[in-house]
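S.K.: Here the protein sequences come in this chain order: A and B. Numbering-wise (the working numbering), the first sequence opens with residue 1 and increments by one. Numbering-wise (the working numbering), the second sequence opens with residue 1 and increments by one. Backbone N, C-alpha and C define an ideal beta-carbon position, used for all residues, glycine too. Note that the structure is a prediction, hence the values are computed from the model and not measured.
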Amino acid sequence: MKVTITSVFVDDQAKALDVYTRLLGFQVRQDVPLGEHRWLTVVSPEDPDGVELLLEPDEHPAVRPFVDALTADGIPGLVLTVDDAAAEHERLGALGLTFTQPPTPMGPVVTAVFDDTCGNLVQLVSAAPAGDAQP
Amino acid sequence: MLVVDDGQDEVFRALADPTRRALLDALVARDGQTLFELCTRMADTGVTSSRQAISQHLDVLAAAGLVHVRRQGRYRLHDLDTTPLLPLRRRWLRPDERTDR
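1) Can you find the residues in the same chain that come closer than 7 Å, C-beta to C-beta, to A/Asp115, ignoring five residues on each side of it along the sequence?
2) Can you say whether B/Ser50 is buried or exposed, counting buried as having 16 or more other CB atoms within 10 angstroms of its CB?
3) Just to confirm my understanding: we take A/Leu78, look at its own chain, exclude 5 residues before and 5 after, and list those with CB closer than 6 Å. What are they?
4) Could you check whether the Cβ of B/Thr19 sits closer than 8 Å to any Cβ belonging to chain A?
5) Could you please give me the residues that DSSP links to A/Met106 through a beta bridge?
6) I'd like to know if A/Ala19 contacts chain B, where contact means its C-beta is closer than 8 Å to some C-beta of that chain.
7) Please confirm whether A/Ala85 and A/Val125 have their CB atoms less than 8 Å apart.
8) Would B/Thr40 and A/Thr111 qualify as a contact pair, given that the criterion is a beta-carbon distance under 8 Å?
9) Buried or exposed, going by whether 16 or more other CB atoms sit within 10 Å of the CB of A/Val42?
10) In whole angstroms, what is the alpha-carbon distance linking A/Gly107 and B/Ala43?
11) Sorry if obvious, but does the Cβ on A/Glu46 come closer than 7 Å to a heavy atom of the ligand NAD?
12) Kindly indicate the opening and closing residues of the alpha helix (DSSP H) around A/Asp12.
13) Comparing alpha-carbon positions, which option in A/Asp47, A/Leu80 and A/Asp73 lies nearest B/Pro36?
14) Run through chain A and tell me which residues come within less than 7 Å of B/Arg76, C-beta to C-beta.
15) Any C-beta of chain A within less than 7 Å: which residues of the segment 20-48 of chain B qualify?
16) Measure the alpha-carbon distance for B/Pro87 versus B/Glu97 and round it to whole angstroms.
17) If we ignore side chains and look at the alpha-carbon of each, how far apart do B/His57 and B/Arg20 end up?
18) What's the gap between the Cα of B/Pro84 and the Cα of B/Gln8?
19) Got a sec, what are the start and stop residues for the beta strand (DSSP E) A/Glu59 sits in?
20) Short of 6 Å in beta carbon distance, which residues of its chain neighbour A/Leu40, apart from the five on each side in sequence? Order them along the chain.
21) Given that a residue counts as buried once 16 or more other Cβ atoms are within 10 Å of its Cβ, and exposed if not, what is A/Pro135?
22) Report the partner residues of A/Asp73 according to the DSSP bridge assignment.
23) Rounded to whole angstroms, what is the Cα-Cα separation between A/Ala133 and A/Val109?
24) Residues in the same chain with beta-carbon distance under 8 Å from A/Thr71, minus the five sequence neighbours each way, listed in chain order, please.
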């Protein structure tokens with residue numbers, strides 16, 4: 001048993017596709033028309049056969065109150081591992097994404113949290129720079 | 001028994017808990033933190049309280065005026081306000097010790 005697909009709810013699939021591919025660098029894996037929406041998944045180019053992220057329409061009435069409550073408290077629904085969270089903070093900030101938490105050392109890692117503009121907060125994680133790791 | 005209400009109970013009550021003091025420590029780092037960021041900082045300093053417990057501690061700090069909660073866009077952000085501590089600092093100083101006035 002293994003995880004193959006997980007999802008984030010997005011308010012607009014076209015916008016989400018732009019954010020997750022052009023800004024974050026994911027690649028489309030499946031894009032199947034499905035009525036007014038699409039079965040739309042993306043994968044990391046670093047792991048093209050790895051977990052697919054389904055960009056799922058947020059139509060269900062339970063989704064918005066749920067996601068809004070988590071977002072208000074700054075709670076991310078997705079964690080992405082990167083080489084350098086500080087560098088990504090600078091790059092994505094310059095591209096116009098809002099960070100609710102700047103890169104912050106947390107024990108052996110550095111974390112940051114940004115808004116994907118589609119309804120979700122996303123956490124970035126990288127290993128703390130060598131020498132900075134706390135005991 | 002006649003007790004003079006000096007209006008300071010909430011501040012002292014808010015400070016009479018190590019987790020709440022640690023939350024104030026975390027807020028010294030920067031204003032505008034979400035509950036999630038504060039919980040992460042708490043975990044990093046070894047405080048293992050649940051998110052719900054941290055949230056309730058923040059309510060106590062807010063009631064004492066030591067933390068302000070503001071809505072910015074879709075986020076609820078927490079700011080530190082040490083103004084309620086200033087009277088405590090001066091209260092028991094003798095007049096000749098009051099260098100700030």
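M.R.: This is what the structure gives:
1) Leu97, Thr98, Thr100 and Leu121
2) Looking at its Cβ environment, which holds fewer than 16 other Cβ atoms inside 10 Å, B/Ser50 is exposed.
3) Contacts found: Val8 and Val122.
4) no
5) DSSP output for A/Met106 lists A/Val109 as bridge partner(s).
6) Just to set this straight, residue 19 of chain A is Val in the shown sequence, not Ala. For A/Val19, the answer is no, since every Cβ of chain B falls outside 8 Å of its Cβ.
7) yes
8) yes
9) buried
10) 9 Å
11) For the ligand NAD, the structure offers nothing, since it holds no ligand at all.
12) Counting along the chain, A/Asp12 sits inside no alpha helix (DSSP H), nor does DSSP assign it H or E at all.
13) Note that residue 36 of chain B is Phe in the sequence shown, not Pro. The shortest C-alpha separation from B/Phe36 is found at A/Asp73.
14) Ala72 and Asp73
15) Thr34, Leu35, Phe36, Glu37, Thr40 and Asp44
16) 14 Å
17) Linking B/His57 to B/Arg20 through their CA atoms gives a straight-line distance of about 6 Å.
18) Their Cα atoms are separated by approximately 9 Å.
19) That residue, A/Glu59, is in no beta strand (DSSP E); it is neither H nor E in DSSP.
20) Gln13, Asp31 and Leu55
21) Because A/Pro135 carries a pLDDT of 48, less than 50, the predicted location of this residue cannot be relied on, and the following value inherits that uncertainty. Per the 10 Å Cβ criterion, exposed.
22) Beta-bridge pairing links A/Asp73 to no other residue.
23) Reliability of the predicted coordinates at A/Ala133 is poor, the pLDDT of 49 falling under 50, and no value is obtained from them.
24) Asp115, Gly119, Asn120 and Leu121
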